[in-house]
Amino acid sequence: MNHLVTGSKAAIASCALALACGFASFSSSAADRLTGHHFATRSEAMAPNAMAATSQPLATQVALDIMQAGGNAIDAAIAANALLGLVEPTGNGIGGDLFAIVWDADGKRLHGLNASGRSPQSLTLDYFIENGYESIPPRGVLPLSVPGAVDGWFELHEKFGKLPMSQVLAPAIEYAEQGFPVTEVIAYYFERNAQVLKDEPGFADVFLKDGVPPQKGKMFKNPDLANTLRKIAEGGRDAFYKGEIAKTIGEFVQEHGGFLSYDDLANHSSEWINPVSTNYRGYDLWELPPNTQGIAAQQILNILENYDLASMGFDSPEYVHLFVEAKKLAFEDRAKYYSDPDFNDVPVEGLLDKNYAKQRAKLINMERAGKAYEPGNPPTEGDTIYLTTADAEGNMVSLIQSNYRGMGSGVTPTGLGFVIQDRGELFALDKNHRNVYEPGKRPFHTIIPAFVTKDGKPLMSYGVMGGATQPQMHAQILINMIDFGMNLQEAGDAPRILHTGSSQPTGEIMSDGGAISLENGFSDHTRRELIKMGHTLQEAVGPYGGYQAIWRNHEEGVYYGASESRKDGHAAGY
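When the letters of the sequence shown are read in order and numbered with mature numbering (1 follows the signal peptide of the UniProt record, and there is no 0), they come out as residues -30 to -1, 1 to 544.
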């Protein structure tokens, strides 16, 4: 079933052969299938009552167990996130931040939660300047910011939860004590992270038993994390931010020369915010505003809405070229404007203005790749996990949570069982930059949940984990469904376009046009034509993100689920 096809594109939706949709030249496929596009790895999951999609099978099962026990989608999302911090610490954990978009079935509206932490109050820009730093280092104690995830859980739970938090966190505590088998992709990332983090304070004590990272199929236990989660379950959010855990974090960090303190944690709070939307060919894409990068996906779509992508075809040099140039333009604005709105006036409404997008689109040369673009002047008025859950009441949760750079800073306070994020790396050190480092400031954030509605009804909660990959893939998922007629699973399995080298909120400026990486499945013809246009192509293995999604079929009362074939997880329901 092709869910997001506009009336004018009905022929695309009904095509039976790959040739009719422009896929004939793909050189690879997942396996021979009787239905759907040949690159699809599986069918969509379907269920009438509830659905969960995560990047690790145990987390999906825990989410369903929580809902079958009387919990709702919000309880399930918290439970799954808690477990993912144990079974996939290579991407997330309670030392990181959290963002969520929730469809509230009772109130029939969306709610946004920004649970990102702030920089240490005692660390100043002068420290970095006086010590000769040109950028904030990615590891160790200097890039630390307050972990916001736990507070995010309790904000979600207080507003929407049904089951007691002790019951919600119980599965993660049990698995932490009894152990779980490490899955394949996560084992790969354990190995990669261990190579660079093995000497960071406390890391080896938790994640390198006998000097070896957790291996595929081996049982791994984390009793320290079990103890931490039990304290949180019993003592609430204050157990983390004002109790022994906060004291341990502050003392450990400062013993190793860092600045994050007990007071920084004690003063932390999350913020409920309004998601912002743009309409793409009749469907409303909702994202969270800065300090996240969510509106970059909307800016890309606003630019591309000026072109007939469907007539170009998925595997065409024209489409890939247009997508990359639109991304470059959006990322110039991202580099200049996206920052903590408590410290800057971010012109969100202007950045999402359709007329502004039309003006930006005029900068694209259909024959040549742009080597550099200037950020626009919008009108001034007015390494991560993603999971999604949906319940029988109609509540839907789009949640993303991360340490950044996989396992974050590597700093692992004694006895707590988790690493602290390194989000502070994403500040700039230019005093004239909007995203410049300042005490008590939230850094620019890469992690973004997404949601789609139509005519005021909830249709789709989705996300694609993976740093700067995320807005590019948010846009590609919708383009795959709306313009190219793919279903929920196919939209995620389709080969992806990744552009790197854009200007950054940390101060780097694109001057050479960056580079394109194309997954297997794009034709040699498309690759050659892109090179002729002046694009630089490079091979890349792995950085294309991790997708999960739930679609609500209102007519049949059925949920569809899709999960990332590039990760270990799956979608399931009941």
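Heads up, the beta-carbon is just placed ideally off N, CA and C, and yes, glycines get one too.
Here the structure is a predicted model, which is why all the values come from computation and not from measurement.
Determine the closest residue to His415 out of Gln371, Pro245, Leu279, Ser136, with distance taken between C-alpha atoms.
In the sequence shown, counting from the first residue as 1, residue 415 sits at position 445. That would be Gln371, whose Cα lies nearest to the Cα of His415.
If distances are taken between C-alpha atoms only, which option among Pro134, Met503, Ala266, Asn314 comes closest to Gly205?
As a position in the sequence shown, residue 205 is number 235, starting the count at 1. Out of Pro134, Met503, Ala266, Asn314, Pro134 has the C-alpha closest to the C-alpha of Gly205.
Taking the beta strand (DSSP E) that Asp392 belongs to, which residues open and close that run?
Against the sequence shown, residue 392 aligns to sequence position 422. Per DSSP, Asp392 belongs to no beta strand (DSSP E) and is neither H nor E.
Could you check the C-alpha separation between Val111 and Phe229 for me, to the nearest Å?
In the sequence shown, residue 111 corresponds to position 141, counting from 1. In the sequence shown, residue 229 corresponds to position 259, counting from 1. So the two alpha carbons sit approximately 7 Å from each other.
Measure the C-alpha to C-alpha separation of Gly(-9) and Asp463 and round it to an integer number of angstroms.
As a position in the sequence shown, residue -9 is number 22, starting the count at 1. As a position in the sequence shown, residue 463 is number 493, starting the count at 1. Bear in mind that the predicted position of Gly(-9) carries a pLDDT of just 39, short of 50, making it too unreliable to give a figure here.
Given Ala85, which residues of its chain have a CB within under 7 Å of its CB, disregarding the five upstream and five downstream residues?
Within the sequence shown, residue 85 is the residue found at index 115, counting from 1. Correct list, in chain order: Asp67, Leu68, Phe69, Gly118, Ala119, Asp121, Gly122, Glu125, Ser240.
Compare the C-alpha of Val381 against each of Ile520, Gln224, Ile452 and name the closest.
Indexing the sequence shown from 1 puts residue 381 at position 411. When only C-alpha atoms are compared, the closest one is Gln224.
When you compare the CB positions of Leu271 and Leu255, do they come within less than 8 Å of one another, or not?
As a first step, residue 271 must be located in the sequence shown, where it is residue number 301. As a first step, residue 255 must be located in the sequence shown, where it is residue number 285. Taking 8 Å as the Cβ cut-off, Leu271 and Leu255 qualify as a contacting pair.
Since Lys424 is in the alpha helix (DSSP H), which residue starts that stretch and which ends it?
Taking the sequence shown and counting its residues from 1, one reaches residue 424 at position 454. Lys424 -> not in any alpha helix (DSSP H); beta strand (DSSP E) instead, spanning 420 to 424.
Within its chain, find whatever has a CB closer than 8 Å to the CB of Asp303; leave out the 5 residues flanking it on each side and keep chain order.
The count along the sequence shown starts at 1 and reaches residue 303 at position 333. Cβ within range, chain order: Ala266, Gln269, Leu321, Pro345, Gly346, Pro348.
Residues in the same chain with beta-carbon distance under 6 Å from Ser(-3), minus the five sequence neighbours each way, listed in chain order, please.
One-based indexing of the sequence shown puts residue -3 at position 28. Below a pLDDT of 50, predicted positions are generally treated as unreliable, and Ser(-3), at 44, falls in that range; the measurement from the model is reported next regardless. Within the same chain, Ser(-3) has close Cβ partners Asn490, Gly491.
Which same chain residues, not among the five before or five after residue 602, have their C-beta less than 8 Å away from its C-beta?
Since the first residue shown for the chain is -30 and the last is 544, residue 602 is missing from the structure and cannot be characterised.
So what does DSSP say about Glu147, is it helix, strand or coil?
For this step, residue 147 is matched to residue 177 along the sequence shown. Looking at Glu147 - three-state DSSP - the assignment turns out to be helix.
Determine the contact status of Pro428 and Met366, defining contact as a CB-CB distance below 8 Å.
Here residue 428 refers to the residue found at position 458 when the sequence shown is read from its first residue. Here residue 366 refers to the residue found at position 396 when the sequence shown is read from its first residue. For Pro428 and Met366, yes; Cβs fall inside 8 Å.
Gln263 classed as buried or exposed, judged by whether at least 16 other C-beta atoms fall within 10 angstroms
Reading the sequence shown from its first residue, position 293 is the one you call residue 263. So Gln263 counts as buried.
Any idea what DSSP makes of Thr496, helix, strand or coil?
On the sequence shown, position 526 is the one that residue 496 refers to. Three-state DSSP puts Thr496 in a helix.
Report the start-end ranges of each alpha helix (DSSP H) in the segment 434 to 465 that is 4 residues or longer and not cut off at the edges.
439 to 452, 458 to 463
Euclidean distance between Cα positions of Asp285 and Leu500:
Within the sequence shown, numbered from 1, the residue matching residue 285 stands at position 315. Within the sequence shown, numbered from 1, the residue matching residue 500 stands at position 530. One C-alpha to the other measures close to 12 Å.
Is the number of C-beta pairs between the segment 458 to 477 and the segment 530 to 541 that are closer than 8 Å three or more?
Result yes; three or more Cβ-Cβ pairs closer than 8 Å.
Secondary structure of Ile243, DSSP reduced to three states
To locate residue 243, count along the sequence shown from 1; it is residue 273. Correct three-state label for Ile243: strand.
Looking at C-alpha atoms only, which residue of Lys297, Ala142, Gly387 is the closest neighbour of Ile334?
For the purposes of this step, residue 334 is taken as the residue at position 364 of the sequence shown. For the residues Lys297, Ala142, Gly387, the minimum Cα distance to Ile334 belongs to Lys297.
Let's test the definition: count the other Cβ atoms within 10 Å of the Cβ of Gln442 and tell me whether it reaches 16, buried, or not, exposed.
Along the sequence shown, one-based indexing puts residue 442 at 472. By the 10 Å Cβ count, Gln442 comes out buried.
Using only alpha-carbon positions, find the residue among Trp521, Lys179, Gly378 that is nearest to Leu114.
Translated into the one-based positions of the sequence shown, residue 114 becomes position 144. Per the Cα distances, Gly378.
Close-in-space but distant-in-sequence residues of the same chain around Val290 (CB under 8 Å, 5 per side omitted)
In the sequence shown, residue 290 corresponds to position 320, counting from 1. Around Val290, the same chain offers Ile467, Ile486, Leu488, Phe492, Thr496, Leu500 as residues with beta carbons nearer than 8 Å, after the five sequence neighbours per side are excluded.
Of the residues Pro27, Lys78, Ile44, Gly515, which one's Cα is nearest the Cα of Gly426?
For the purposes of this step, residue 426 is taken as residue 456 along the sequence shown, with counting starting at 1. Of Pro27, Lys78, Ile44, Gly515, the residue nearest in Cα terms is Lys78.
For a quick check, are the C-beta atoms of Thr198 and Gly61 less than 8 Å apart?
Along the sequence shown, one-based indexing puts residue 198 at 228. Along the sequence shown, one-based indexing puts residue 61 at 91. In this structure, Gly61 does not lie closer than 8 Å to Thr198 by Cβ.
Unbroken stretches of the alpha helix (DSSP H), 4 residues or longer, contained in the segment 165 to 234
Assignment of alpha helix (DSSP H) within the segment 165 to 234, counting only whole runs of 4 or more residues, yields 173 to 177, 193 to 205, 207 to 211, 214 to 225 in chain order.
Find the nearest neighbour of Gly87 within the set Arg109, Gly102, Ile64, judged by alpha-carbon distance.
Working through the sequence shown from its first residue, we reach residue 87 at position 117. Minimum Cα distance to Gly87 is reached at Ile64.
According to the Cβ coordinates, are Ile202 and Leu274 closer than 8 Å?
Mapped onto the sequence shown, residue 202 falls at position 232. Mapped onto the sequence shown, residue 274 falls at position 304. For the 8 Å CB-CB criterion, Ile202 and Leu274 do not form a contact.
C-beta atoms of Ala20 and Gly543 nearer than 8 Å:
Taking the first residue of the sequence shown as 1, we reach residue 20 at position 50. Taking the first residue of the sequence shown as 1, we reach residue 543 at position 573. Yes, the Cβ-Cβ distance between Ala20 and Gly543 is below 8 Å.
So the candidates are Val57, Leu95, Ala164; which of them puts its Cα closest to the Cα of Glu144?
Numbered from 1 along the sequence shown, position 174 holds the residue referred to as residue 144. The residue with the shortest Cα to Cα distance from Glu144 is Val57.
Proximity below 8 Å, CB of Gly433 to CB of Thr384
Here residue 433 refers to the residue found at position 463 of the sequence shown. Here residue 384 refers to the residue found at position 414 of the sequence shown. Going by C-beta atoms, Gly433 is not nearer than 8 Å to Thr384.
Quick one: Cα of Gln26 to Cα of Thr153, how far?
What you label residue 26 is simply residue 56 of the sequence shown in a count that begins at 1. What you label residue 153 is simply residue 183 of the sequence shown in a count that begins at 1. Their Cα atoms are separated by approximately 8 Å.
C-beta contact flag for Tyr308 and Pro317 at 8 Å
In the sequence shown, counting from the first residue as 1, residue 308 sits at position 338. In the sequence shown, counting from the first residue as 1, residue 317 sits at position 347. No, these two residues do not count as a Cβ contact at 8 Å.
Tell me, to the nearest whole angstrom, how far the beta carbon of Ala541 is from that of Thr30; I am working on the premise that it is less than 8 Å.
Numbered from 1 along the sequence shown, position 571 holds the residue referred to as residue 541. Numbered from 1 along the sequence shown, position 60 holds the residue referred to as residue 30. Yes, they are in contact, since the Cβ atoms of Ala541 and Thr30 sit about 7 Å apart, within 8 Å.
Between residue 553 and the rest of its own chain, which residues show a CB-CB distance below 7 Å, the 5 nearest in sequence each way excluded?
This structure leaves residue 553 out entirely; the chain is present only between -30 and 544.
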